[in-house]
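First comes the structure, then the notes that go with it.
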Amino acid sequence: MIPKMNFHTHTTFCDGKDTPESMVLAAIEKGFSDLGFSGHSYTYFDERYCMSKEGVGAYQKEILRLQEVYADKINLYCGIEQDFYSEEPISDFDYAIGSVHYIKKDGQILFVDETAEIMKNDIHELF
């Protein structure tokens with residue numbers, strides 16, 4: 195049997211819709227053996243979806259608390275989804291997922307996670 199696990203989990207600390215604890219409880223209910231949280235790293239030029247600089251510490255503290263509370267039920271990991279253009283350190287996390295949410299061209303930033311129409315217009319205009 196393949197173990198149930200997920201290491202790409204966003205919460206209300208960034209652009210997710212549920213708290214870390216509600217995600218842990220749902221994972222336990224579904225029989226997961228492991229759950230890794232991967233909050234979006236802070237990007238100074240776009241704060242719409244990422245954790246705030248101050249929020250990163252609160253995120254790490256909450257995941258540590260949950261690791262202690264649920265240690266006998268599930269393995270929990272505190273990760274980060276590190277954007278290519280993020281300048282924040284990743285050494286204090288259990289793991290990092292590399293991602294590219296932007297493309298820089300001639301000093302402009304293209305958001306590649308926008309709508310298909312916006313992306314098409316950006317590509318046409320800049321490339």
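Under the numbering used here, think of the first position of the sequence shown as 195, with each following residue one higher.
Beta carbons: idealized from backbone N, C-alpha and C, even for Gly.
Item                                                                                    : Value
CA-to-CA distance, Gly301 to Gly251, given in whole angstroms                           : 31 Å
Collapsed DSSP secondary structure at Met217 in the structure displayed                 : helix
Cβ shell of Ser246 (< 6 Å), same chain only, five flanking positions each side left out : none
Where Ser280 falls, given that 16 or more other Cβ within 10 Å makes a residue buried   : buried
Pro214 versus Asp316: straight-line alpha-carbon distance, rounded                      : 35 Å
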